[in-house]
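Worksheet: the structure to be examined is printed underneath.
Numbering (the working numbering), first residue to last: 5 to 1141.
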């Protein structure tokens, strides 16, 4: 697409129509007033392919300049964009840290909080390859070189008719600098967290003109490094704010409300807060029972141990829980115990244990190191023809640590099912995070703990008494007088760290040939453009975790007293002694080495034999006791290579036709686009092999792709200019036809109207339809077998004729009869679904003797999501108040056929439950079983059952996503800007002042995700991440020409954590203020000083008053509440020549 831009003099769209959102820029001029009218050049702006006066741009548009990005001192572009209310829920690096695969540190824009896949990101009007592998089109905007950005133009509304699929909530277009000549260097050092972690960025841009300015070449390089931020680096997280149960309301009362007037839950914050039950390398709790409190005040619930691997056996207890000091063990120090409710109360202030924040994720921000390079050139072949090209390469390494591995190691000697040496029982499988192990001969378990386990007995308790009319007071549990031997314990632990070392390489190439002529035939200002873009992301992810089988072999270590393996008294793995022919150490049949992971003897597989031969003992009891050899043996990793590839070719022409009635020439743009998206991923399955790993294993992502052929057109018709009806009016429309290899043909369109009755006031409205095509990951994610157990067929005559309920109505019954009849007829079958005949032989009565086989994975039958958007804008720029502009943008967006995941039984029901067949749901359910001879209902029903013959790749269903949900959002964006010169206004020179207010009022944001009740919705507005009102206020003062001081406040209204009705039903559940977050404001200060004409210094403080999220939000990190505290930044820009 041809983009022509020149600086606008005497007027500016930044002061009104295009509403900037950061600190005001004094270099921008105010709108032209009477007597100073200036010719405005027509340009192409984002949201249209037709050149026009930018003040008549048809859609709401936000513009952010490079100056604003650099002046903030924020470490990333996404950090700045997230302060714009329309982009406030964009994905920032902390959102992708520790929570997913291959995505650590990504920065993904999210307009209107409708999802990153519904925001289209462009660079110079062209698509950019998606950064999130495999198959996503979401763009990591950190890959766009900072110093090359001229501005960012944001269209907040559907734009698929102009730019194609995925522009559902809007478009971000990064406009890069062109024809740059000179050398510019920019550096920035910023704290990214209050404890001193930093980001360091150095950028350089050089450009030079040749051949009398007909050729321009440029090169850009950028290096950036961000430190890791972990939970304990953050002040408020070190205090571990945690919601504790303080009181439990009566559970058995005769009359009156359940609440007893005592607050049930309170937040406790302390730097000394500890948690005892799962520290690094474990604490050990011996089996116990816990007596229950009186039902009149049931703070402690009764727990009764039922078996060695039952969770109820292992409440932490001062007499039963052991802490490890080096290689010794003692009863744990419980300090000051906090939290009064529940059977197991593991939290303390002081004493042993570890900070509760270690129970979540390790990283809050990953460490990363990036290099970004881009070169390009413009060649003016003739006065009318230009050739442009660019090449970009970005490499980034991110190390992202998530929650460590975790294990429950059940210590019990007399269990027949020992996962290390087996019992020959094929049902004895290796569990990823729990296993049973002998304790009496373990080489590392301290002797006092062994003795305590061996002699352990359970004290048995009666249940608390139930209040009666004659005895309203409940008595707590009392001992029964009996005990039960229970020689077993649970060693609960976090083990070796899980982390990802992610290397993401991106390359992108653009070639563009364009031309411009004053007139071609009858078309004036004729522009043409042909471009080709290729982009590729190669994501190499090394995922580190633990080999579970090896971990169990290593943990089960014993003393080789007889020196069977060569050294008497050496500590060795039990499995090696058994393999060497020492049956005395086996708990099952002599010498048994059954492999529960692979079947058969462990030694019969390559990995199994290797695991035995190389086994190294590992002390799992207490931190610091692990040998490096043992850790090296159990630690492992897999390497996953994933790719996204994009090819995009566009040809377009635009120009102006006739001016029939003096309002201006009719504008026209037409074009064609071909696009191919491709993805694949290898290494997950091959890297795992037949090992059992504490990692995300599964099938590789096979090569998948789709192509599209698209034709588009746009027409603008000026209706009037300088008429008695007003100053200007224009009607414009756009249309796009596309044919996708996956979803077939689609059509979208848009209609826009602009009306300026007087110079001071303008109105704009638009209506657009848009689509989002299913991503390659949604369509083609690899399949893995699963089973739908206890499957209930909605077409079963017995289910159709079942009693009606609130969720199964007469209308549902009638719909099922009609729809099931239609499905059966399509297969040439007929059944009495309504059960109207006397005989049951013609009924549909299927027999599902076992779970129905199917697959989890992508759904190749998905259809596009469809949306409609409506906007209405008012732009007010009064001539009687110079330099004031006010913009109001009302918007509505509705997305239907939203892709959402469902289970197979739900999809089968939704297929037939409503009026007409739900084609999206029916496409995932397969009734492909062969017919069976016979006349009974069961035999006749075989051919219509959900299922497929053996060997069918899908089986009876694809369990994944279907098109059924809906999302809606309505709101009002508002912007006000005003600037003045004190000498002109007050007669004294105190400098220049400029103020901007940019915000959004979220009227509603609804999600309709209940497949059974499609009109039921969740209202998100005023909940966390969705404040009802959010705005950014920026005040700038320029006392002298070389100095600018800026104060920016980012304010958001309080957000609900729970509904008020939940408090009404239980008034003492928690303090009323816990119901919402409270208003939040972050204040930033920035200073910019021009040391010389070529050198600019900048500095700033982000979150100057160290605002923090409300403590009752707990240890969950909410990025919209700026969790990183007060931090400073400095920067320098040097224009060398």
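Glycine is no exception: its CB is placed at the ideal position from the N, C-alpha and C atoms.
Bear in mind that the values here come from a model prediction, so they are computed numbers and not experimental data.
In this structure residue 714 is in contact with residue 740, their Cβ atoms being roughly 6 Å apart against a cut-off of 8 Å. Counting every other CB atom within 10 Å of its CB across the protein chains shown gives residue 848 a total of 16 or more, marking it as buried. Per the C-alpha coordinates, the member of 398, 67 and 111 positioned closest to residue 149 is 398. Between the alpha carbons of residue 52 and residue 250 lies a distance of about 60 Å. For residue 942, the enclosing alpha helix (DSSP H) has its first and last residue at 941-945. Just so you know, the alpha carbons of residue 821 and residue 843 end up roughly 17 Å apart.
Inclusion of residue 92 and residue 1031 in the CB contact set at 9 Å is warranted, their separation being smaller than that value. Taken through DSSP and simplified to helix, strand or coil, residue 450 comes out as coil.
In the three-state DSSP reduction, residue 324 falls in the coil class, being neither helix nor strand. Per DSSP, the beta bridge partners of residue 1055 are 1035 and 1085. For the 9 Å CB-CB criterion, residue 831 and residue 931 form a contact. In the three-state DSSP reduction, residue 1120 falls in the coil class, being neither helix nor strand. Cβ neighbours of residue 214 within its own chain (closer than 8 Å, five residues either side excluded): 220 and 221. Residue 72 carries a helical assignment under DSSP once its states are collapsed to helix, strand and coil.
With distances taken between CA atoms, residue 868 lies nearest to 901 out of 991, 901 and 878. Between the alpha carbons of residue 66 and residue 393 lies a gap of roughly 27 Å.
Beta-bridge annotation (DSSP): residue 650 is paired with 539 and 681. A Cβ-Cβ contact shorter than 9 Å links residue 326 with residue 336. Per the coordinates, the alpha-carbon of residue 856 lies some 35 Å from the alpha-carbon of residue 502.
Secondary structure note for residue 988: its alpha helix (DSSP H) is the uninterrupted segment 986-990. When beta bridges are read from the DSSP output, residue 1135 appears opposite 192 and 1102. In the displayed model, residue 642 falls within a strand according to three-state DSSP.
Put simply, of 981, 147, 507 and 1111 the residue whose alpha carbon is nearest the alpha carbon of residue 887 is 981.
When the beta-carbon positions are compared, residue 212 and residue 229 stay at least 9 Å from each other. C-alpha of residue 129 to C-alpha of residue 177: approximately 6 Å in a straight line.
For residue 617, the enclosing alpha helix (DSSP H) has its first and last residue at 610-617. Taken in chain order, the whole beta strand (DSSP E) runs of length 3 or more contained in the stretch 94-147 are 123-127. Partner residues in the beta bridge of residue 483, as assigned by DSSP, are 465. Between residue 141 and residue 854 a beta carbon distance of about 40 Å is seen, past the 8 Å cut, so the two are scored as non-contacting. For residue 477, the CB contacts under 8 Å within the same chain, skipping 5 residues up- and downstream, are 298, 300 and 471 in chain order. A contact is defined here as three or more CB-CB pairs under 8 Å, and the stretch 546-561 meets this definition with respect to the stretch 633-646.
Shown here, residue 383 sits in a strand according to DSSP, grouped into three states. Scanning 941, 271 and 1113 for the CA closest to the CA of residue 240 turns up 1113.
Judged by DSSP in its simplified three-state form, residue 1078 adopts helix.
Around the Cβ of residue 614, a 10 Å sphere holds fewer than 16 other Cβ atoms; the residue is exposed. Here the alpha carbons of residue 380 and residue 188 stand approximately 16 Å from one another.
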